[in-house]
Structures are given as C-alpha cells and as structure tokens.
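According to numbering that gives the first Met the number 0, the sequence shown holds residues 0 to 600 in order.
Cβ coordinates follow ideal geometry from the N, Cα and C atoms, glycine included.
This structure is a prediction, so every number in the text was calculated from the model and none was measured.
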Amino acid sequence: MNSHRFIITLFTALLLASTDATAVNWQHYDRNPNLELQTLPSGAVANFSDWSRLMPLLRMGPTRGLKAQKVTDGVWMFDGKFYAPVVVETDAGLLVFSTGENAEEGAIFRKLIREQISEKPIIGVFYDHAHYPYGAGTLLDGDKAVIVAHPDHSRIIRESGHLANPVIPEMLPHLDARAEIHFGNQHPKKGPDAAIGATALDFGKEQAWLPPTRTLEHGEWITVGGVRIQAFHAVTDAEDSLTFWLPDKKIVIDNVVWLSIPNIYTLRGDRFRDPTLWIKALKDIRDLNPEIELCVGGGSAALVGADKVRETVTTLIDATSFIYDQSIRWTNLGIPPHQLGHYVEIPESVAKYPFINEVYGQVEHHVRRIAEENHGWFSGRGEDMHHLPQAVFAKNLVELAGGEEALVTAYQQAMQKGEYLWAKDLAANLYYTDQANTDYRQALADVLRKLGQYSPSAIQRNFYTASALSLEGDKRFTSAKVQDEDWVKEDYARAIDHLRTRINPELAGGIEGVLLFDVDGTVAELHIRNSIAEFIADPSKYYRAADARIKVSGDAFTDYFRGEISAAEMLEKATASGNAAALLNLFDPFRHIPMYPEQPL
0 MNSHRFIITL FTALLLASTD ATAVNWQHYD RNPNLELQTL PSGAVANFSD
50 WSRLMPLLRM GPTRGLKAQK VTDGVWMFDG KFYAPVVVET DAGLLVFSTG
100 ENAEEGAIFR KLIREQISEK PIIGVFYDHA HYPYGAGTLL DGDKAVIVAH
150 PDHSRIIRES GHLANPVIPE MLPHLDARAE IHFGNQHPKK GPDAAIGATA
200 LDFGKEQAWL PPTRTLEHGE WITVGGVRIQ AFHAVTDAED SLTFWLPDKK
250 IVIDNVVWLS IPNIYTLRGD RFRDPTLWIK ALKDIRDLNP EIELCVGGGS
300 AALVGADKVR ETVTTLIDAT SFIYDQSIRW TNLGIPPHQL GHYVEIPESV
350 AKYPFINEVY GQVEHHVRRI AEENHGWFSG RGEDMHHLPQ AVFAKNLVEL
400 AGGEEALVTA YQQAMQKGEY LWAKDLAANL YYTDQANTDY RQALADVLRK
450 LGQYSPSAIQ RNFYTASALS LEGDKRFTSA KVQDEDWVKE DYARAIDHLR
500 TRINPELAGG IEGVLLFDVD GTVAELHIRN SIAEFIADPS KYYRAADARI
550 KVSGDAFTDY FRGEISAAEM LEKATASGNA AALLNLFDPF RHIPMYPEQP
600 L
C-alpha cells in the first residue's frame, strides 16, 4: 500500500471509529443492502416503509377522493387532503374548523359542504393554527360567521411567510426559500425526484384569510349555534394552536395529535418547538378523555373510541418524552449535538405503533435541536470553535488523499459499497475545490439523490433531491429568496428597514450619509456610517438632516426591492436629489442565487 493510500485509509477508519458502537442511525445510509426502495405511481423513488405503515391511518391516499366522511351525528371530516376541514352541523347553521391553504381551496370546500353535507349557512369558523386559515373568505362567501382564533393569531399571520414564523424578521426570505424546498413547491410533479406525501404545497395562489372576530384564551368557552366549545392553547408547530373541546359530543378537534413523531425540528427553520409544551398539549387532550379525536392539522383519519384515543395520545407522549429526555441525558454526558442522533433510538415498545414514524422529520435532527436550543452551536470542545473556510479544507483534503483523482477513486469505491454518507463527504469536498466542475457537481448530486431516496422522511428527501437538482443546473432551487410584492406594499417602512441588511461593507467603508426615502408618502431614512445603515423611522425627530432624497412610487420601489429593476432604473422613475445614486449603490441588489452556485459567494 502506497503512503497516500495508507493515509486516506487511516483517515476513513478514524472517521468511522469516531461514532460510538451504540450508533444506529448512520448505518441506515451506509452499507444497508437490505433497504428496498419503491417507485410510486408518480415515478418518485423513495423509502416508503414508514409511509406504508401509516397509510391506513391517514384520511388521504391514491384511492380516496375529496369527500365528506360522517364521523358521528352532525359531524363530518373531509377525506382526500391533509388540511381539509371538520364540519359540525347545528340547528342554526354550520361550524367549520380549518379553512384550507388558499382561496381556491376555500371555494372547493364550500362547494363540497353544500353538495355533501348541508345548505345551511356557515355561522362559525375556527382557526386551529396559523398555517392553514387562508381559505376563510371564499369558504364563507358572504355568510355571517364568528371567526375564532387564539389572541396571537393575527400577529403571527402578519409576521409569517410561507409558514415560517421567524425570530429574526429580516431572515424571512431565507426561511421562505427553505420552506419551498421543504414542501416540494418547485419539485417535479413526475419522475424519481417528485415530492411525496402531503409535502407539495403551492405558495403562489391567492389567499382569502379573514381576521378573527373572537379570540379565546386557554380554558375559555364559547357557544355557537347551541354548541358549547372550550379552547385550550397548544404550542405545537405553531404558537397559536387551539384545541377545541366539544363536551356534549365528547369530541376534540386539534392540531396536536399528529400520526407521526411531533416535528420538533423542521429543516426549513422556525422557532424552537419546545417538546415539553407539545407534551402538555397532548396531556390536556388525554385529561379530557374524549371519545373522538379529529386532528385537522395532521392528516389523520378520525380516532374513534376513548381507549384508542388514549392509547394513541399516551404513545405520542412517550415518544416525545423519550426524545427529549434522552437528548438531555446524552448531552449531560458530553456528547456534542451533531453526534446525538447516533445515540437516541426510539424503543421498540413505542416504535411498534404505526403512528410513531419519521415520515415528517427524523429523530436524529430533533435531538440536536433540543441541545442547541440551550447552548447554541458550540459543543464545548475545542476543535469546534474555529474552522477553515470550506474551500480551503477541501483543497487540503484533496492534497492529503493524493490529488483529485485519488479522491474521485475513493468516492467511486464508496458508492459501489453503498457507503453513501462517506461518499457524500468525499463528493462535497470535490465540489468545493471547483464548484463549476460538472463531474464533481454530478458526483455530489448522485449521492445526495441516493440519500434522499433512503430517507424515510418526506422533508429530508425533499432537501436531498432539491440539492441534487440544483447541482444538475436547476436554478429554481435557492436559499436566497425575496419577499413577495404584497409583503413590500403592506409596509414600505418595514421594507426600507430591511434594506439595511443588504449594505455592502466593501463599498460603504469610509462613507457617511443620510438617505431619505419617500415611497407613496411613507417617509423613512437610512443613516449610512461605519459600514452599517441605521434605520430612522421618523426623520422629523432625527438629529441630522438628509443628504439625499428619493421620492418614488410604491410600484417602482417594490420592483427595486425585489430585484426586478436595478437601482439606476428605479432612479429613472423617481425624483432624486443630493448624492442619492451614490448612497443607493452601496446596497446589494437582490439577486437569485442557486442552492449550489458555480462560483464561491
């Protein structure tokens, strides 16, 4: 064995040995000859094992159309779609829980309600959480109804993008870009990379959200159409989730009892989903001892029977508690976050239930998020504090391996052996040595696609396949989006404030000036100094006068903000004074950047 081959063999052995013998998760992706992939009717190639176990419990599937299923007297739940509503009939009219993803769906649900349930007016709409209230206007179509939600609902709607409720509002474009990947919005409809499950959403359709007319705190009651309803606040995948308890019917309607492990961490990015609060929401339902449980947010069919509901809820409590407690246990023993997934495996006593699955998020990512919520990204170990730039590390590794050809050979051998995680690491380093190299891009795409096919979770699969498609030249996939036109026009001052995050310090060094914007009468400033831009909401109260002014229409400003026209093109449509052009050119224009660009940023 020559010296270079010996070094890379040793390097491989050391990497693989760094995982404890109790590790299990990584072996699913490395040297797993027993995994049988399936090709779905859409052509999607996937690990459908968890989905196959779950399908009988869902209210959708290839043979189930969109139709109302009677649950009990006066109560229906729609089959055929994950986020379809529950309808309760009263003498006075109909109560509808959840309204759909957009105006089109609201109209469809109204039509189906009229055809399959009743011609009575809708007198109550109940938002179970802020992700799917966007069909209300067309669902009601003029009916006078009380609209019920949590007190935080309207605020969360205003702050949210494509389901993301950011802690840092300025990062919404990045989170929206990831949300499109998460839900397969840009994925092909047919072929091996097609999205699977309920993950293919369309964010571009018209919305018909209506603000609530009545809010309910935890434990509060409301009576609509003679039906008594108690609300319980539930913090799940949305902070404004409400569980609705109909005691006279012994029914719970909720966004809590998902027929999968609660998605504690979502790859698209969002606020921390505290497992203890999700567990509390589950316990609130168990304590009510319902005979029927209807989860409008989780895609499940009705759970009927007090014993069945209790068993399901308790098992979800146990699975979530296990993930939470064991992530803490191993963290306290010193295991760094990025290795926790190799130590926490759901016990068979819980995993045997089909609703304990990873179709919508994986345990190895949940446990890492729990640890990082408390101590951030740093493991506490010295080697994690500082890192070489990725391209420099890649070049060093190539040199260690004996050159690019040796690394390519190692990659090919790993692929032949089914060592896909190792092949991924090798291909990624080849990519970062030369991002435009089509062979290296294809090598990384091939292994990422394989990892996506192996992943039981639809979300993980979508990110893997999106990465592969980007490497192959599909420029629709990006981590850098821009807010939509409605967002900009809703609050021009907010958009001006967000411009400060685009200042280019290489251009702004040593320059100072106050740039005033007047956008259709909305006036705000950016004070540029020391390579930052301070937002001034009320120029009349600021100590320094503007050095430059731009008076522009909302349409032109919106087009500039969204990168549809350049700074110079906006100024041609504006009235500008002072050194407006020079100051405006200190800010990066929005530009679409693929997930895997051909040049380093």
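For this session: May I have a chain-ordered list of the alpha helix (DSSP H) segments no shorter than 4 residues that lie completely inside the stretch 474-502?
Result: Fully enclosed alpha helix (DSSP H) runs of 4 or longer: 484-489, 491-498.
Exercise. Between V23 and the rest of its own chain, which residues show a CB-CB distance below 6 Å, the 5 nearest in sequence each way excluded?
Worked result: Interpretation of V23 is limited by its pLDDT of 37, a score under 50 that renders its predicted location unreliable; the figure taken from the coordinates is listed afterwards. The residues are E344.
Exercise. Do three or more CB pairs link the stretch 415-422 to the stretch 370-382 at distances below 8 Å?
Worked result: no
For this session: Would you kindly work out how many angstroms separate the C-alpha atoms of S240 and I334, rounded to a whole number?
Result: 33 Å
For this session: Report the partner residues of G512 according to the DSSP bridge assignment.
Result: I527
Exercise. Roughly how far, in whole angstroms, is the beta-carbon of L174 from the beta-carbon of G190, given that I think they are within contact range, below 8 Å?
Worked result: With a Cβ gap of about 27 Å, L174 and G190 do not count as contacting.
Exercise. Since M414 is in the alpha helix (DSSP H), which residue starts that stretch and which ends it?
Worked result: 403-416
Problem set entry | Contacting residues, own chain, Cβ-Cβ under 7 Å from I278 (five flanking each side not counted) | I316, T319, S320
Exercise. Going by the CB atoms, is the gap between T98 and V145 shorter than 8 Å?
Worked result: With a cutoff of 8 Å on beta-carbon distance, V145 and T98 are scored as not near each other.
For this session: Report the residue from I263, A555, K449, E404 whose alpha carbon sits nearest the alpha carbon of E372.
Result: I263
For this session: Report the three-state DSSP secondary structure of T71 (helix, strand or coil).
Result: strand
Exercise. Which full runs of the alpha helix (DSSP H) of 4+ residues lie inside the stretch 428-464, going along the chain?
Worked result: 437-453
For this session: Report the partner residues of I592 according to the DSSP bridge assignment.
Result: Answer is A479.
For this session: Drop a sphere of 10 angstroms on the beta-carbon of A444, count the other beta-carbons inside from all chains shown, and report buried for 16 or more, exposed for fewer.
Result: Counting Cβ neighbours within 10 Å, A444 comes out buried, since at least 16 surround it.
Exercise. Which word fits A16, buried or exposed, when buried means at least 16 other C-beta atoms lie within 10 angstroms of its C-beta?
Worked result: Its pLDDT being 32, under 50, A16 is placed unreliably by the model, and the measurement read from it follows with that caveat. When all chains shown are included, A16 counts as exposed.
Exercise. For L498, does the count of other Cβ atoms within 10 angstroms reach 16, so buried, or fall short, so exposed?
Worked result: By the neighbour-count rule (16 or more Cβ atoms within 10 Å), L498 is buried.
Problem set entry | Status (buried if at least 16 other CB within 10 Å, exposed otherwise) for M384 | exposed
For this session: Using the Cα positions of D608 and R270, report the straight-line distance between them to the nearest angstrom.
Result: Residue 608 is absent from the model: the chain starts at 0 and stops at 600.
Problem set entry | Own chain partners of E471 with C-beta closer than 6 Å, once the 5 adjacent residues on each side are dropped | Here the set comprises A444.
For this session: Write down the C-beta distance between V366 and G340 rounded to the nearest angstrom, noting that I regard them as a contact closer than 8 Å.
Result: About 6 Å; that satisfies the 8 Å criterion.
Exercise. E103: which of A83, T89, H128 sits nearest, CA to CA?
Worked result: Nearest of A83, T89, H128 to E103, Cα basis: A83.
Exercise. With 16 as the cutoff for other CB atoms within 10 Å, does E35 come out buried or exposed?
Worked result: With fewer than 16 Cβ atoms within 10 Å of its Cβ, E35 is classed as exposed.
For this session: Quick one: grab the DSSP three-state call for P132.
Result: strand
For this session: Between the Cα of A426 and those of L396, S454, Y453, spot the shortest distance and give me the residue it belongs to.
Result: L396
Exercise. In terms of alpha-carbon separation, which member of I195, Y126, L111 lies closest to N455?
Worked result: The sequence given here has Pro at residue 455, not Asn. Minimum Cα distance to P455 is reached at I195.
Exercise. Where do the ends of the beta strand (DSSP E) carrying V229 lie?
Worked result: Rather than Val, the amino acid found at residue 229 in this sequence is Gln. Note, Q229: beta strand (DSSP E), 226-233.
Problem set entry | W220 burial status per 10 Å Cβ neighbour count (16 or more: buried) | exposed
Exercise. Helix, strand or coil: which one does DSSP assign to L78?
Worked result: In the sequence on display, residue 78 carries Asp and not Leu. If DSSP states are grouped into helix, strand and coil, D78 belongs with the strands.
Problem set entry | Length of the line joining the Cα atoms of Y591 and E563 | According to the sequence displayed, residue 591 carries His and not Tyr. Their Cα atoms are separated by approximately 11 Å.
Exercise. From A67 to L111, what distance separates their C-alpha atoms?
Worked result: 8 Å
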